[in-house]
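Numbering (this note's numbering) for the sequence shown: 624 to 973. A short worksheet on the structure shown next.
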Amino acid sequence: MKQRQSNFELLRIISMFLIVLHHYGIHGTFYEGTFSWQKVGINLVTTFGKVGVNIFVLISAYFLVTKTFKLERVYRLLLETIFYSYAVLAIFWFFDRSNPTLTHTNIIHLWFPIPLEYWFVNAFLFMLCMSPFLNILIHNISKQMYIYLLLFLTLIWVIIPTFSTLKLAGYSDFAWFIYLYLLAGFFRSYDLHLSVSTLRWLFYGTVAITLLLVTDFNLLGRSNQFFMDHVIFFLFQNKLPIVLMSCSLFLLGKNWNLGSSRFINIVASGTLGVYLIHDNVVIRSLLWTAVNNAQYKTLVSSVGMGIVVSIIIYIVCTVIDLIRQLFLAKFMNWLAVKLANGTRRLFGAD
624 MKQRQSNFEL LRIISMFLIV LHHYGIHGTF YEGTFSWQKV GINLVTTFGK
674 VGVNIFVLIS AYFLVTKTFK LERVYRLLLE TIFYSYAVLA IFWFFDRSNP
724 TLTHTNIIHL WFPIPLEYWF VNAFLFMLCM SPFLNILIHN ISKQMYIYLL
774 LFLTLIWVII PTFSTLKLAG YSDFAWFIYL YLLAGFFRSY DLHLSVSTLR
824 WLFYGTVAIT LLLVTDFNLL GRSNQFFMDH VIFFLFQNKL PIVLMSCSLF
874 LLGKNWNLGS SRFINIVASG TLGVYLIHDN VVIRSLLWTA VNNAQYKTLV
924 SSVGMGIVVS IIIYIVCTVI DLIRQLFLAK FMNWLAVKLA NGTRRLFGAD
């Protein structure tokens with residue numbers, strides 16, 4: 624079996640950590656609509672979450688572009704998602720049924736994590752199922768037409784939403800993942816002739832601009848509520864600074880020469896588990912209430928503790944998922960194969 628390239632696996636780890644750090648900011652107990660340096664700190668730690676989402680999708684799409692569609696991948700993702708949802712439900716049902724977070728609504732969401740929970744998994748599943756059709760397009764369209772397609776989608780889904788509040792028809796998380804898939808397909812198919820130096824300037828430049836925008840909007844918000852209401856406007860996954868940051872970091876990581884590190888690859892194998900555990904509808908509420916990010920009153924403590932807490936959460940969730948893999952990975956892979964074979968027989972695709 625071909626070993627995974629650890630540069631991409633390290634990128635997966637980085638991207639999922641950025642997502643956890645983002646959740647520290649948006650799901651915590653802190654909320655304040657007026658200026659404070661504590662608020663600036665909370666906003667800053669949320670800055671790169673959507674960069675993490677974009678990179679995670681770009682990595683997966685980059686490899687799917689050259690692979691034959693396998694239904695087993697869909698079932699493996701479904702089974703892992705269902706496992707964690709049902710495991711949390713069982714633990715709380717038998718050991719802490721009176722917990723206030725175990726509401727009727729949350730129970731229903733735990734029973735049906737697809738499609739009621741995990742927006743990321745829902746969109747990713749859609750992308751997986753669309754991949755064979757997208758691959759036909761990618762491998763048969765001319766380079767010129769490919770560029771025109773990406774320019775058009777970038778205009779309506781990136782440029783216009785970045786410089787206006789217009790929401791053009793057709794944009795959704797599902798559509799965005801298709802856009803990222805097409806972008807990754809282009810990166811895979813064509814050399815962009817961008818030097819490492821250029822990519823570094825692009826990455827560090829967009830990081831600096833984004834951090835300045837977040838800070839400046841907070842400062843301007845002291846005298847103008849418009850800016851306070853739009854502090855995170857440029858932090859969404861389809862805003863130009865976030866897209867440029869995501870693409871430049873992905874392309875930089877693509878060229879890292881790390882060989883194959885067993886440690887990195889093992890840790891990276893738990894990235895999806897980290898997401899499914901810490902962003903579970905019940906765990907999320909309990910976790911961030913316990914963390915209580917509102918207790919850190921300064922800019923330095925907000926950012927510093929955000930990083931420390933996110934590292935701890937990442938490590939704990941990774942250990943949990945590695946234990947799951949140790950005892951259940953073979954069975955879940957076997958079940959995914961059986962379900963895929965059964966589906967193919969049902970639809971006469973064998």
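Every residue gets a Cβ at the ideal spot worked out from N, C-alpha and C, and that includes glycine.
Residue i burial status per 10 Å Cβ neighbour count (16 or more: buried)
i    : result
R885 : exposed
M624 : Caution is warranted here: a pLDDT of 48 is assigned to M624, below 50, making its placement in the model unreliable, and the coordinate value is therefore given only provisionally. It is exposed - the Cβ of M624 has fewer than 16 other Cβ atoms within 10 Å.
S765 : exposed
I714 : exposed
C752 : exposed
G648 : buried
F992 : The shown model of the chain, from 624 to 973, leaves out residue 992, and the question about it has no answer.
K953 : exposed
A792 : exposed
I636 : buried
Q918 : exposed
Q767 : exposed
I678 : buried
P864 : buried
Y654 : exposed
R720 : exposed
Y827 : exposed
Q626 : exposed
K673 : buried
Simplified DSSP assignment, three categories, for residue i
i    : result
K961 : helix
N847 : coil
S871 : helix
W660 : helix
W879 : coil
I764 : coil
L945 : helix
T838 : helix
L803 : helix
H646 : helix
A792 : coil
T691 : coil
N956 : helix
V904 : helix
T912 : helix
E655 : coil
M624 : Note that M624 scores 48 on pLDDT, short of 50, meaning its location in the model is unreliable; the coordinates nonetheless yield the value given after this. Note: M624 maps to coil in three-state DSSP.
E632 : helix
F859 : coil
Among the options, nearest to residue i - alpha-carbon criterion
i    : options                : result
T941 : Q626, N630, F631, F640 : F640
L757 : L805, I783, A798       : L805
I770 : N745, Y813, K790       : Y813
G736 : F800, S708, A831, I779 : In the sequence on display, residue 736 carries Pro and not Gly. Of F800, S708, A831, I779, the residue nearest in Cα terms is S708.
R967 : L687, L733, K693       : K693
E703 : S924, P784, R947       : R947
T894 : N915, L834, I938       : I938
F900 : P784, G876, L712       : Position check: residue 900 holds Ile in this sequence, whereas Phe was assumed. When only C-alpha atoms are compared, the closest one is L712.
M851 : L843, L858, V688       : L843
I889 : F658, L945, I936       : L945
L774 : V931, F809, F747       : F809
I705 : H727, I642, P738, F717 : P738
T652 : F970, F658, I665, L951 : I665
Residue span of the alpha helix (DSSP H) that contains residue i, given as start and end
i    : result
R885 : 885-891
H727 : 727-734
T785 : 783-786
K673 : 672-687
E695 : 694-718
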